[in-house]
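Below is one structure; the comments refer to it alone.
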Amino acid sequence: MDEYIKNDKYIKNSKNDGNVKNSYHWYPGHMTKAIRMMQENIKLIDLIIELVDARIPLSSRNPDIDRLGAGKARIVLLNKSDLADPVYNRQWADFFREQGAHVLEINAKTGAGVKAINGLVQEACREKLERDRKRGIVNRPVRAMVVGIPNVGKSTFINSFAGKACTKTGNKPGVTKGKQWIRLNKGLELLDTPGILWPKFEDVQVGMRLAFIGSMNDEVIILEELACDLLKVLRELYPESVKERYDIEWCDTPDKMLEAIARSRGCLTKGEGLDLKKASGILMDDFRSGRLGRMTLERS
Ligand code: G4P
Numbered sequence: 001m002d003e004y005i006k007n008d009k010y011i012k013n014s015k016n017d018g019n020v021k022n023s024y025h026w027y028p029g030h031m032t033k034a035i036r037m038m039q040e041n042i043k044l045i046d047l048i049i050e051l052v053d054a055r056i057p058l059s060s061r062n063p064d065i066d067r068l069g070a071g072k073a074r075i076v077l078l079n080k081s082d083l084a085d086p087v088y089n090r091q092w093a094d095f096f097r098e099q100g101a102h103v104l105e106i107n108a109k110t111g112a113g114v115k116a117i118n119g120l121v122q123e124a125c126r127e128k129l130e131r132d133r134k135r136g137i138v139n140r141p142v143r144a145m146v147v148g149i150p151n152v153g154k155s156t157f158i159n160s161f162a163g164k165a166c167t168k169t170g171n172k173p174g175v176t177k178g179k180q181w182i183r184l185n186k187g188l189e190l191l192d193t194p195g196i197l198w199p200k201f202e203d204v205q206v207g208m209r210l211a212f213i214g215s216m217n218d219e220v221i222i223l224e225e226l227a228c229d230l231l232k233v234l235r236e237l238y239p240e241s242v243k244e245r246y247d248i249e250w251c252d253t254p255d256k257m258l259e260a261i262a263r264s265r266g267c268l269t270k271g272e273g274l275d276l277k278k279a280s281g282i283l284m285d286d287f288r289s290g291r292l293g294r295m296t297l298e299r300s
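Using our numbering, you'd call the opening residue of the sequence shown number 1 and step up by one each time.
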């Protein structure tokens, strides 16, 4: 795939007229604060429930969580599995299992797969529960925190998992002031604020994949460039889907392909030229919503 991807992309910013290269870099503020909060919260929990985007399971996680969460039980949820290729969902599940995590494919939006998590929590925390029992501690619930990068589906998941039936347990002695726990059942409590991790942008392709799935602010991205980059990747990984969706053949270059999509979808400017921005928007929407098919852009 590398030969398709150039490192020098165009990016808009306030200091120029849009003719600067798209670096797919994004420096969120509050990074240090987020890490500090995470370190503080991790001390309070037994189990980390980490959400990743099944379409890009590596690019959508911050590997620092492995260090931050050392010694904690771990569940990895391949969220948005409804949008990802089922073949690769299974491969990624095996990949994370080999790394010692307990894994499930879920769709937080519909709740599919979410019920199975309770059983998995018991499995993931078996050692801790056993240790507690030996020390004579019974009925101490497992405490878990949901973590993930922005937009991966943490709030949707917490709503779907905790549902309406849950009760907030309020502050307790020994718990940092202001922390709220959601009691899911007598064996499990969830910290109500998810841990926000930031993606790592050391590799330009990570930033690009995050932009593809819509986890980077589209306002700082030149849409036509992004669409052309996506076309390069799709030509490699899912060539038939694009042809079928727009009823076109692959052209020599992504620019020409974008023009073909614009023609096929009747995207015209007032002066009867092709509206490539509109065509780019259509392509990105079709990809992000799954209308192009279930696609996984990273392979284990
Ligand atoms: P966050 O807390 O981690 O930042 O993410 P959040 O729950 O806000 O979810 C981000 C977007 O992802 C939401 O879409 C949400 O509906 C969608 N989403 C979450 N889980 C899944 C899933 O498993 N499958 C699919 N297809 N989508 C999922 P949105 O467009 O921002 O809102 P909405 O229009 O869906 O309400």
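Quick reminder that beta carbons are idealized off the backbone N, C-alpha and C, glycines included. None of these values were measured; they are calculated from a predicted model.
What number of angstroms, rounded off, separates the C-alpha of R67 from the C-alpha of L47?
Taking the sequence shown and counting its residues from 1, one reaches residue 67 at position 67. Taking the sequence shown and counting its residues from 1, one reaches residue 47 at position 47. Taking the straight line joining both Cα atoms gives about 14 angstroms.
Give the DSSP-derived three-state secondary structure of I196 in the structure shown.
Mapped onto the sequence shown, residue 196 falls at position 196. Strand at I196.
What's the gap between the Cα of N7 and the Cα of M208?
The count along the sequence shown starts at 1 and reaches residue 7 at position 7. The count along the sequence shown starts at 1 and reaches residue 208 at position 208. Residue placement at N7 is flagged as unreliable, the pLDDT there being 32, under the threshold of 50; the coordinate-derived value follows with that caveat. C-alpha separation (whole angstroms): 10 angstroms.
Beta carbon of A108, beta carbon of F157: below 7 angstroms?
Residue 108 sits at position 108 when you count from the first residue of the sequence shown. Residue 157 sits at position 157 when you count from the first residue of the sequence shown. Yes. Within cutoff.
Would the region 140-152 count as touching the region 38-45 if we require 3 or more Cβ pairs under 8 angstroms?
Contact between the region 140-152 and the region 38-45 is present, because at least three Cβ pairs lie under 8 angstroms.
Using only alpha-carbon positions, find the residue among K43, P57 and L120 that is nearest to K200.
As a working mapping, residue 200 is identified with position 200 in the sequence shown. Ranked by how close their Cα comes to the Cα of K200, the residues K43, P57 and L120 have P57 in first place.
Whole beta strand (DSSP E) runs in the region 81-134 with 3 or more residues, listed along the chain?
If we require 3 residues or more, the beta strand (DSSP E) runs fully inside the region 81-134 come out as 102-105.
Go ahead and pull the three-state DSSP assignment for I261.
The residue given as residue 261 occupies position 261 in the sequence shown. Reduced to three states, the DSSP call for I261 is helix.
Please report the straight-line C-alpha distance between L230 and F212, rounded to a whole angstrom.
The count along the sequence shown starts at 1 and reaches residue 230 at position 230. The count along the sequence shown starts at 1 and reaches residue 212 at position 212. Computed Cα separation, rounded: 7 angstroms.
Residue range of the alpha helix (DSSP H) that D286 falls in?
Counting from one through the sequence shown, the residue named residue 286 turns up at place 286. Taken as a continuous stretch (DSSP letters only), the alpha helix (DSSP H) holding D286 covers L276 to S289.
Range of the contiguous beta strand (DSSP E) that encloses V76:
Here the question's residue 76 lines up with position 76 in the sequence shown. Per DSSP, V76 is one residue of the beta strand (DSSP E) stretching across A73 to N79.
Pick from S81, G271, C251 and S280 that is closest to G293, judged by C-alpha positions
Along the sequence shown, read from residue 1 onward, the residue named residue 293 stands at position 293. Comparing C-alpha distances from G293 to each of S81, G271, C251 and S280 shows the shortest one belongs to S81.
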